[in-house]
Amino acid sequence: MDQVMINTPLNVTHCPVCGAADSRYLRRGYYIKCSACQVAFREQHETVSELGEYWQKEFWTDEEIEKRKNREPVFREAFKLLCDQKPEGGSVLDIGCGIGTFLAVCREGGWHVTGVEPSSIACKVAKKAYGLDLINDLFSSAMFQGKKFDAVFAAQVLHHLPDPVAFVADIDRVLADDGILMLRTPNLIPLELSLFLQRLLGREKEFFCGPALYTFHPNTLALLFRRLGYRDVTFVNSRPFLEMPAAPWQPGQSTGANLRRLLVTSLKIAGYTTVEAVYKLSNERAVIGPSIFVIARKK
468 MDQVMINTPL
478 NVTHCPVCGA
488 ADSRYLRRGY
498 YIKCSACQVA
508 FREQHETVSE
518 LGEYWQKEFW
528 TDEEIEKRKN
538 REPVFREAFK
548 LLCDQKPEGG
558 SVLDIGCGIG
568 TFLAVCREGG
578 WHVTGVEPSS
588 IACKVAKKAY
598 GLDLINDLFS
608 SAMFQGKKFD
618 AVFAAQVLHH
628 LPDPVAFVAD
638 IDRVLADDGI
648 LMLRTPNLIP
658 LELSLFLQRL
668 LGREKEFFCG
678 PALYTFHPNT
688 LALLFRRLGY
698 RDVTFVNSRP
708 FLEMPAAPWQ
718 PGQSTGANLR
728 RLLVTSLKIA
738 GYTTVEAVYK
748 LSNERAVIGP
758 SIFVIARKK
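FYI, the numbering for the sequence shown is 468 to 766, going by my numbering.
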C-alpha cells in the first residue's frame, strides 16, 4: 500500500515504537507512518493529563455506557481465545477495563479477576452492573508489588497511550512466566486501504481520529512483542462492536435513526464475514479486520 504515502520528510527524528529515523506522512495533519516497523502515529500528542481528562469527563456519556452494555459478544470471543491458551484458568488483569464486561465473563468462567480503570464513572457502573470492585487509577506495575497474573488483557488501550513500548514493558513486570498477554487494537491495514481508495477515486475527505495516538500494523506489534521477549505471537480478527440495543427498533427514536443503526450494523456484520473468509482462505495469515486481537506468551 505504498501508494498511500506522501514522500515528504518530517521533523520527526525517531519512530516512538522502533526508533527508526525514516518516517513519511500517511495523511498530512493526521498520521505519520514509520517506514521500518509500519506503525502510524499522530504528529501531535496530547499529554497524559489531557487524555485522562478526556476519558474521565468527555468519553463516558450515558450514550457510551449504553453502548458498552451491548459488547458482551466481543468479550466472550476474547475469553474463548484466552481459554484456548490457558485452559487451566487462573488470574487475569484487565487494564482499562471500562465497565468490566470482560471481567464479568472471566469470573463466570471461573477465573480470578482484577481490573484497573481510570474513569470513576465506569467504575461505578461496573459495581452496579456486575458487582465488581475495580481499581480506579491509571495502570502501573507498582500497584501490584510482588503479585503476578496468569493473563493480562487490554482492549482498545494501547493506541491511546503516549508510550506503548513502556506500557507493554510495565505489563511484563506483573505477568507470570508462561503467562498470556492479549490486546485488542485497531488495525492499520484497512485504514491504509481506505486512504488508498479515497486517493484513487479522488475523494479524499477529513476523518476523525479522536484521542488515538497510534494505529498499529500487525508487523509492528509482532516486532514490539518479540523485542520484549514474547513468543508465539498470533493475530486474530476481532468481531466488531455492534451498538445495538436489546430491541433493534427503538420507538423513541426517529425512523431515520433506527434505519441508520440497522444499516451500520448490517454492514459491520457483512464486513466481518468477509474479512474472516479472507483470513481462512489465506491459511490464517491475512488479518485485515478493522480491529484485531494480538496474543503472545511470555517466555
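Ideal Cβ placement from N, Cα and C applies to all residues, glycine included.
By the neighbour-count criterion, in which 16 or more other beta carbons inside 10 Å mark a residue as buried, Glu584 falls on the buried side. Under the DSSP assignment, Ala609 falls outside any alpha helix (DSSP H); it carries neither an H nor an E label. Per DSSP, reduced to three states, the secondary structure at Ser587 is helical.
DSSP lists Leu560 as the bridge partner or partners of Thr581. The beta-carbon separation of Lys766 and Gly696, rounded to 5 Å, stays under the 8 Å limit for a contact. By the criterion of at least three beta-carbon pairs nearer than 8 Å, the segment 576-591 is in contact with the segment 557-565. In the three-state reduction of the DSSP assignment, Leu599 falls in the coil class, being assigned neither a helical nor a strand state. Between the alpha carbons of Gly576 and Asp617 lies a gap of roughly 15 Å. Comparing C-alpha distances from Arg752 to each of Leu658, Asn704, Ser721 and Ser758 shows the shortest one belongs to Asn704.
Val619 is the residue among Asp604, Ile499 and Val619 whose C-alpha sits nearest the C-alpha of Gly556.
If you look at Ala618, you'll find it isn't in any alpha helix (DSSP H); it sits in the beta strand (DSSP E) that goes Phe616 to Ala622. CA-CA distance, Asn603 to Cys590, rounds to 7 Å. The C-beta distance from Ala507 to Leu493 rounds to 5 Å, short enough to meet the 8 Å contact threshold.
In the DSSP assignment, Ser749 falls outside any beta strand (DSSP E), carrying neither H nor E. Boundaries around Arg666 are those of the alpha helix (DSSP H), Leu655 to Leu667, since no beta strand (DSSP E) includes it.
Around the Cβ of Gly486, a 10 Å sphere holds fewer than 16 other Cβ atoms; the residue is exposed.
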